[in-house]
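What follows is a set of notes on a single structure, which appears directly below.
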Amino acid sequence: MEYEAIIGMEVHVQLRTASKMFCGCAADYAAAPPNTHVCPVCLGMPGVLPVINRQAVEYALMTALALNCEIPEYAKFDRKNYPYPDLVKGYQISQYDLPFSRNGWVAIEVDGRAKRVRVRRAHLEEDTGKLTHVGDASLIDFNRSGVPLLEIVSEPDMRSGLEAWAYLTKLRTILRCLGVSTGNMEEGAMRCEVNISLRPVGSTALGTYVEVKNLNSFRAVRQAIEYEIARQSTILERGGEIEKVTMGWDEAAGRTVLQRSKEEAQDYRYFPEPDLPPVFVSREWVSELRSRLPELPDAKQERFVASFGLRAYDAALLAEDRDIAAYFEAAVEAGQAVGVDARGISNWITSELFRLLKESGTSITEIKVSPAALVGLLCLVNKGAITQATGKEVLAEMFQTGQLAEAIVAAKGLSQIADADELSSIVDRVIAANPKPVSEYRDGKDPAVRFLIGQVMRETRGKANPQVVEALLRAKIRGE
Ligand SMILES: [Zn+2]
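Quick note on numbering: our numbering labels position 306 of the sequence shown as 306, and the sequence is numbered without any gaps.
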């Protein structure tokens, strides 16, 4: 029988507010020694009163708007009761029946197919402390306790590991564009749990799902889903039944492992948080927040296609990161004054510049090549002063030193050789040294000429004008 996978996701996102969710402790604990960002509130001492962090609520609402959610007029906080060592109060302040938002969606595209993954709700809660197990002992760090978390719950609309990966990627892109979270999964700023069940293709029933936790990277999410699909279909093929359990992902072994069996849903005995008032979200507040939203990646991508004639794929690469998008737009503006077109700029950024950034591990905000300097280089290439190949070499040098293209070209004598007389003797040498490709070309194998052009380019260290070289080669071999 053929099965299809039904996948839903819960994503916890740490919001980058200055202070914690309900107290004044600094929320950025990354570099802090354990238990230094703490106070009676986030340590859960008796008799203290929490205060709602307005910034966290605004970040939650802005994210909800970017996820196309409805924002109800009233929201409230609830206590979710469960005992765990990293939760000193014995309860977590979360949201139960009146979350800040619901009924949204995220647009994804996989293999050229666009679809929407519905977002059931996005609610605010507080993070727990962090346990570290050392031998027989467990150490607790409460720096993380009370950091604002936004839990984004999807409907089970994904059908493959690839779709889940696309959903997470889009989510992170939006969070980063809004500036509400780093979205770094490896650092725990974005954590995800996946629900996976299978059903026969064509059926509309929902099968028993398995929950997978401990997923520390996008890759792990994709692999865990693929592993579970294979595991569950093997069980179903043999006529077995899927048990409702919680699994963890064992990265090293590349498999899911049983964490606990879950006979029935845990009873958290939710009740309204008595220490916090309900939150009234006025329509004026919502429209004010909406007006503060930056242009989101999808809209930006569409604009890049419509205004600059970019291919959708390239536009998506540029629009995905707001710093890269800003760099691209600054270059386009500089290019307009000197007749360098946006498509050329896009090509150089998405190929050469991306490669240099990746190899050096630099971010675009730190680089020494200004958008105007990149355009200066493209000017030289476009007017034929240097070849495309030399241009790449010059860009690498600019990237290293911050020098301008013209200065590098002048200092290194990299100007293009387009003079046929100057190239003639080199072309003669290449023809003499490569009898086999030459005779292949004579026998009608046209691609052989490409090899010979490559040899001339090598001899001239990429400075020869390829069109002139090609014309010379063809003429000389034909004996003209
Ligand atoms: Zn505190």
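Beta carbons: idealized from backbone N, C-alpha and C, even for Gly.
Quick check: is any heavy atom of ligand 3 less than 7 Å from the C-beta of residue i?
| i | result |
| --- | --- |
| Lys20 | What this structure holds is ligand 1, not ligand 3. |
What is the residue span of the alpha helix (DSSP H) that residue i lies within?
| i | result |
| --- | --- |
| Cys379 | Pro371 to Asn382 |
| Gln235 | Position check: residue 235 holds Ile in this sequence, whereas Gln was assumed. Unbroken alpha helix (DSSP H) run through Ile235: Phe218 to Glu237. |
| Ser287 | Arg283 to Arg292 |
| Asp443 | Premise fails: Asp443 is in no alpha helix (DSSP H) and is neither H nor E. |
| Met62 | Arg54 to Ala66 |
| Asn347 | Ala342 to Trp348 |
| Glu333 | Arg322 to Val338 |
| Arg176 | Gly161 to Leu178 |
| Lys300 | Pro297 to Phe308 |
| Lys476 | Pro466 to Ile477 |
| Asp250 | Note, Asp250: premise wrong, no alpha helix (DSSP H); beta strand (DSSP E) at Val245 to Asp250. |
Note down, in chain order, each residue of its chain lying with its Cβ closer than 7 Å to the Cβ of residue i, except the 5 sequence neighbours on either side.
| i | result |
| --- | --- |
| Ala420 | Val468 and Leu472 |
| Lys300 | Ala319 and Ala325 |
| Ile386 | Leu380, Val394, Val409, Leu414, Ser415 and Gln416 |
| Pro272 | Lys76 and Asp78 |
| Phe304 | Leu310, Ala315, Leu318 and Ala319 |
Can you check which of these residues, the options, is closest to residue i by C-alpha distance?
| i | options | result |
| --- | --- | --- |
| Ser351 | Leu318, Glu333 and Gly361 | Leu318 |
| Ile242 | Ala411, Ser261 and Asn214 | Ser261 |
| Val427 | Val409, Leu452 and Glu302 | Leu452 |
| Cys508 | Thr246, Glu58 and Val106 | For the chain, the structure presents residues 1 to 480; residue 508 sits outside this window and is missing. |
| Cys379 | Ile367, Lys368 and Val394 | Val394 |
| Leu296 | Phe22, Leu65 and Ala5 | Leu65 |
| Val430 | Ser439, Ala407 and Val456 | Val456 |
| Ala75 | Val305, Asp321, Val281 and Val332 | Val281 |
| Ala18 | Val11, His12 and Ala26 | Ala26 |
| Thr128 | Ala122, Lys392 and Ala189 | Ala189 |
| Ile372 | Ser360, Tyr29 and Leu404 | In the sequence on display, residue 372 carries Ala and not Ile. Comparing Cα-Cα distances from Ala372 to each of Ser360, Tyr29 and Leu404, the minimum goes to Leu404. |
| Met185 | Leu178, Gly179, Leu198 and Thr169 | Thr169 |
| Asp86 | Arg144, Gln95 and Met45 | Arg144 |
| Lys476 | Cys39, Leu423 and Ser138 | Leu423 |
| Leu374 | Glu251, Lys383, Ala137 and Val340 | Val340 |
| Leu206 | Ser101, Lys412 and Ile6 | Ile6 |
| Asp267 | Ala253, Pro83 and Thr36 | Pro83 |
| Asn216 | Arg102, Cys192 and Gly462 | Cys192 |
| Leu353 | Ser370, Glu470 and Arg458 | Ser370 |
| Gly44 | Tyr59, Pro33 and Val88 | Val88 |
| Val180 | Arg159, Glu163, Glu58 and Arg283 | Glu58 |
| Ile229 | Lys130, Val48, Lys445 and Met158 | Met158 |
Provide the residue span of the beta strand (DSSP E) that contains residue i, from first to last.
| i | result |
| --- | --- |
| Arg118 | Arg113 to Glu126 |
| Val194 | Met190 to Pro200 |
| Asp314 | Where Asp314 is concerned, there is no enclosing beta strand (DSSP E), although the alpha helix (DSSP H) it sits in stretches over Ala312 to Ala319. |
| Pro34 | Pro34 -> no beta strand (DSSP E), and no H or E assigned at all. |
| Leu404 | Run containing Leu404: none; DSSP gives neither H nor E here. |
| Ile93 | Tyr91 to Ser94 |
| Glu211 | Val210 to Leu215 |
| Ala137 | Ala137 to Asp141 |
| Asp275 | No beta strand (DSSP E) holds Asp275; DSSP gives it neither H nor E. |
| Glu10 | Tyr3 to Gln14 |
| Arg260 | Arg255 to Ser261 |
What's the call for residue i, buried or exposed, on a 16-neighbour Cβ count within 10 Å?
| i | result |
| --- | --- |
| Asn465 | buried |
| Val51 | exposed |
| Ser307 | exposed |
| Met398 | buried |
| Phe142 | buried |
| Lys436 | exposed |
| Phe328 | buried |
| Lys358 | exposed |
| Ala448 | buried |
| Ile235 | exposed |
| Ala224 | buried |
| Thr173 | buried |
| Ala220 | buried |
| His123 | buried |
| Arg116 | exposed |
If residue i sits next to residue j, beta carbons under 8 Å apart, how far is it from one beta carbon to the other, in whole angstroms?
| i | j | result |
| --- | --- | --- |
| Tyr227 | Arg269 | Not really, about 34 Å apart at Cβ, beyond 8 Å. |
| Leu210 | Met9 | The sequence as given places Val at residue 210; Leu does not occur at that position. That pair is no contact at about 13 Å. |
| Arg343 | Leu310 | 6 Å |
| Pro294 | Tyr3 | Pro294 to Tyr3, Cβ: 41 Å. No contact. |
| Arg79 | Pro99 | Incorrect: roughly 15 Å between the Cβ atoms, too far for contact. |
| Leu289 | Met1 | That belief does not hold up - the Cβ atoms of Leu289 and Met1 are roughly 48 Å apart, past 8 Å. |
| Gly335 | Ile349 | Rounded, the Cβ-Cβ distance is 11 Å, inconsistent with contact. |
| Trp165 | Asn214 | Rounded, the Cβ-Cβ distance is 17 Å, inconsistent with contact. |
| Leu481 | Val286 | Since the first and last residues shown for the chain are 1 and 480, residue 481 lies out of range. |
| Gly135 | Arg222 | Going by Cβ atoms, the distance from Gly135 to Arg222 rounds to 34 Å, so no, they are not a contact pair. |
What does a CB cutoff of less than 6 Å around residue i pick up in its chain, not counting 5 residues either side in sequence?
| i | result |
| --- | --- |
| Met21 | Asn53, Ala56, Glu126, Gly146 and Pro148 |
| Ile93 | Phe77, Glu126 and Glu273 |
| Gln232 | Leu198 and Ile242 |
| Ala331 | Ile345, Pro371, Leu374 and Val375 |
Can you check whether the C-beta of residue i is within less than 8 Å of a C-beta belonging to chain B?
| i | result |
| --- | --- |
| Lys383 | You won't find chain B in this structure, because it holds only one protein chain. |
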